[in-house]
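In this note's numbering, the protein residues as written are 136 to 404. Here is the structure we will look at, set down as structure tokens.
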């Protein structure tokens, strides 16, 4: 007879995975960037839910009251250049490196429900869209997190192997792309988002609705999406026309004020 884990045991499993992420982040920050593979695997265990694979998030019933920090800067498909919304670029002598944003963000950020956060577009190289779900599952399922696949999907290979984001630094040897893997860097930033979201999860707050603020999710396909607003984002008529070609679903906008003084902007269904 199978044994059903108790809630306390599932909570211990949750704490184990969060602990794995924290330790791997520490090692990543010390230079062991391959720890992104371990981070991705723990994130998959926590949040990837299918008919045959039950996420800890769903098993613990967190679906209705846990919000996720989206540190991604505003994405718009009208941008003619590639987009990589969880990263920054840093010059290090004659080298160019991708680095995580961490919490050093001056632009406006929002908290989302799992489905919107998990499927939000974080890479667009003008060939393919990649969401958080895409990069977490690619690294954990194919790039050594829990399994090594002999082949990568083209969308993953273009960014990690062919520099489809099109960033270069000019040196005496010619045009040189950034030295490190942007997908691994994005995994480190996703870990930062997860840990920050966990910090706020059990804090008490007062929620204030703003019914006059119009937010929505725009869909590039059935799952991949990006946040948008018709009241809070000023754009050209050309951008508005491009955005209108994407299917949309409305969202509600709130501000949560925490007892400790923290304020967060929330977009939910």
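Just so it is clear, CB atoms sit at the ideal spot from N, CA and C, and this is done for glycine as well.
Taking the beta carbon of residue 319 as the centre, do at least 16 other beta carbons fall within 10 Å, making it buried, or is it exposed? The residue in question, residue 319, is buried, as its Cβ has 16 or more Cβ neighbours within 10 Å.
For a minimum of 3 consecutive residues, which ranges assigned as the beta strand (DSSP E) are wholly contained in the segment 346-396? Assignment of beta strand (DSSP E) within the segment 346-396, counting only whole runs of 3 or more residues, yields 350-354, 360-364 and 382-393 in chain order.
DSSP three-state call for residue 176: helix, strand or coil? Residue 176 falls in the helix class under three-state DSSP.
If I measure Cβ to Cβ from residue 326 and keep anything under 6 Å in the same chain, skipping five residues before and after, which residues do I get? Closer than 6 Å at Cβ, skipping near neighbours: 156, 160 and 174.
Residue span of the alpha helix (DSSP H) that contains residue 332, given as start and end: First-last of the alpha helix (DSSP H) with residue 332: 317-336.
Confirm, please, whether the CB-CB distance from residue 290 to residue 262 is below 9 Å. Yes, the pair counts as a contact, with Cβ atoms nearer than the cut-off.
Identity of the residue in 315, 344, 341 and 143 nearest residue 232 by Cα: Taking the Cα of residue 232 as reference, the smallest distance to any Cα among 315, 344, 341 and 143 is reached at 315.
For the structure I just gave you, are there three or more beta carbon pairs, one from the segment 273-284 and one from the segment 167-185, closer than 8 Å? Touching, yes.
Starting from residue 311, trace the beta strand (DSSP E) in both directions and tell me its first and last residue. 309-311 is the extent of the beta strand (DSSP E) around residue 311.
Cutoff 8 Å; reference residue 149; Cβ partners in own chain excluding five residues on either side: Closer than 8 Å at the Cβ level, and outside the excluded window around residue 149, lie 181, 191 and 195.
In the structure shown, what three-state DSSP assignment does residue 259 receive? Strand.
Name the two residues that bound the continuous alpha helix (DSSP H) containing residue 270. Segment 267-276, the alpha helix (DSSP H) holding residue 270.
On the three-state DSSP scale, how would you describe residue 158? Here residue 158 sits in helix by DSSP.
So, does the segment 232-242 touch the segment 277-288, judging by three or more C-beta pairs under 8 Å? They do not touch, by the three-pair rule.
On the criterion of 16 or more Cβ atoms from any shown chain inside 10 Å, does residue 245 qualify as buried, or is it exposed? Counting Cβ neighbours within 10 Å, residue 245 comes out buried, since at least 16 surround it.
Within its chain, find whatever has a CB closer than 6 Å to the CB of residue 235; leave out the 5 residues flanking it on each side and keep chain order. Excluding positions up to five away in sequence, the list reads 320, 323 and 324.
So residue 249 and residue 198 are in contact, right, with Cβ under 8 Å, and what is the actual spacing, rounded? Correct: roughly 7 Å between the Cβ atoms.
Between which residues of its own chain and residue 394 is the CB-CB distance below 6 Å, once the five residues before and five after are set aside? Excluding the 5 residues flanking it on each side, residue 394 has same chain C-beta neighbours closer than 6 Å at 339, in chain order.
Need the endpoints of the alpha helix (DSSP H) that residue 193 sits in, please. Counting along the chain, the alpha helix (DSSP H) containing residue 193 begins and ends at 191-194.
For residue 224, three-class secondary structure by DSSP: Reduced to three states, the DSSP call for residue 224 is strand.
Between the segment 365-374 and the segment 394-404, are three or more C-beta pairs nearer than 8 Å? With the cut-off at 8 Å, the segment 365-374 and the segment 394-404 do not touch.
Okay, do the segment 377-387 and the segment 345-352 touch, 3+ Cβ pairs below 8 Å being the bar? Because the criterion of three Cβ pairs below 8 Å is met, the segment 377-387 and the segment 345-352 touch.
Three-state secondary structure (DSSP) at residue 153? Three-state result, residue 153: helix.
Buried versus exposed call for residue 151 [16 or more other C-beta atoms within 10 Å across all chains shown]: Exposed, since its Cβ has fewer than 16 Cβ neighbours within 10 Å.
Quick check: what's the CA-CA separation for residue 223 versus residue 207? Going from the Cα of residue 223 to the Cα of residue 207 covers about 11 Å.
Kindly give me the distance between the Cβ atoms of residue 260 and residue 217, rounded to whole angstroms, as I take these residues to be in contact under 8 Å. With 8 Å as the limit, residue 260 and residue 217 qualify as a contact, their Cβ atoms being about 5 Å apart.
If you compare alpha carbons, which of 355, 379 and 358 is closest to residue 365? Closest option to residue 365, Cα to Cα, is 379.
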